[in-house]
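For reference, the structure discussed in these notes is given below.
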Amino acid sequence: MNRYGLIGFPLTHSFSKRYFTDKFDREGITDSQYDLFEMPAITALPGLLALPDLRGINVTIPHKQAVLPYLDRLDASAEKIGAVNVIKLEADGSRTGYNSDYYGFRQSLVDWLTLLGRSSDGLKALVLGTGGASKAVTVALSDLKISYRYVSRTKTTDSLTYDDIPSVINDYSLIINGSPVGTYPNIDEAPVLPYQLLTDRHLLYDLVYNPIETKFMKLGLDQGASVHNGLRMLELQAEKAWEIWQR
Ligand SMILES: NC(=O)c1ccc[n+]([C@@H]2O[C@H](COP(=O)([O-])OP(=O)(O)OC[C@H]3O[C@@H](n4cnc5c(N)ncnc54)[C@H](OP(=O)(O)O)[C@@H]3O)[C@@H](O)[C@H]2O)c1
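Using the working numbering, the first residue of the sequence shown is number 650, and each one after it goes up by one.
Right, here's the structure in full:
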């Protein structure tokens, strides 16, 4: 049996467990199983990695950075992001770290722009929030040659604040919510933006996937903007993990 699983803490609602279990059923993959390994402390990782038949693991909060010292190498995007959410156990027993959020975001954005018939040339992005998800987003944007600014609640040399947005929103037509604002159960919340200044040229991408239509998206739609939720990114990052493990 090939074993896969997810480490993190706490692991209450796991998209990955459901996703891989459904995938194995649907595709008749009978030689694989996907388990949850709730891990309060990363020091338990070596014990898990010693499990026979373990082929790969997903990593979630709070261990995406803490796993780095346990790995032998990182792929290029994980190295730039400084965080890993997929570990592949190689045939020789060594461990490679990847960041499939990067791939999920990048692919979903490219697909969306293609669908809309929009070019990335000259597109400029605002990325709301400065956490791990936003870092994966900005590395993908850089690789796609889309210039961006972070927007943070805290003023730094690297970021704008929410108060700066009204004066730049006209130039930044792609706005990506990389903060958890608007996530269930806080569905009546939305990032603090001057929504009345949005136009039908604006593209609002929410990394949040629960609810399917967030308030951020609704307020954008009201102004004629195009909107996208985080579900496709979530599916694509899971598919990418699977592809990495099967290489
Ligand atoms: N769709 C997907 O596949 C996918 C993948 C990964 C993550 N996500 C989602 O992306 C979101 C961010 O993930 P993360 O791990 O980066 O989360 P995080 O570290 O908890 O937060 C990201 C950033 O959001 C900002 N923020 C946090 N609380 C806020 C608040 N109340 N108001 C305004 N800004 C706030 C903070 O930046 P500042 O302090 O600089 O303002 C924080 O660093 C989550 O909702 C997560 O579920 C989705």
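The beta-carbon is built from N, C-alpha and C at its ideal position, and this holds for glycine as well.
Pairwise C-alpha distance: residue j and residue i
i, j, result
"Val830", "Asp741", "43 Å"
"Leu885", "Tyr752", "7 Å"
"Pro718", "Ala693", "13 Å"
"Ser681", "Pro860", "31 Å"
"Lys666", "Ala887", "10 Å"
"Phe673", "Val735", "18 Å"
"Lys867", "Pro701", "48 Å"
"Tyr797", "Thr670", "37 Å"
Coil, strand or helix - residue i by DSSP
i, result
"Lys713", "coil"
"Gly771", "coil"
"Phe686", "strand"
"Thr863", "coil"
"Gly879", "coil"
"Tyr821", "coil"
"Thr806", "coil"
8 Å contact criterion, which residue i and residue j should meet: CB distance rounded
i, j, result
"Gly869", "Leu853", "4 Å"
"Lys864", "Ile836", "7 Å"
"Ser663", "Leu685", "6 Å"
"Arg755", "Asp792", "7 Å"
"Thr745", "Leu777", "Actually they are not in contact, since the Cβ atoms of Thr745 and Leu777 sit about 31 Å apart, beyond 8 Å."
"Ser769", "Gly827", "Actually they are not in contact, since the Cβ atoms of Ser769 and Gly827 sit about 18 Å apart, beyond 8 Å."
When the options are compared against residue i, the one with the closest alpha-carbon
i, options, result
"Asp750", "Gly657, Leu777, Leu764 and Val708", "Val708"
"Leu703", "Gly677, Tyr653 and Ala690", "Tyr653"
"Thr832", "Val817, Tyr858 and Tyr821", "Tyr858"
Let me have the residue list for ligand 1: C-beta closer than 6 Å to any non-hydrogen atom, ordered along the chain. Around ligand 1, the residues whose beta-carbon falls short of 6 Å from at least one of its heavy atoms are Asp750, Gly753, Gly778, Thr779, Gly780, Gly781, Ala782, Ser783, Ser801, Arg802, Thr803, Gly827, Ser828, Pro829, Val830, Thr832, Leu856, Val857, Tyr858, Gly879, Met882, Leu883 and Gln886, given in chain order.
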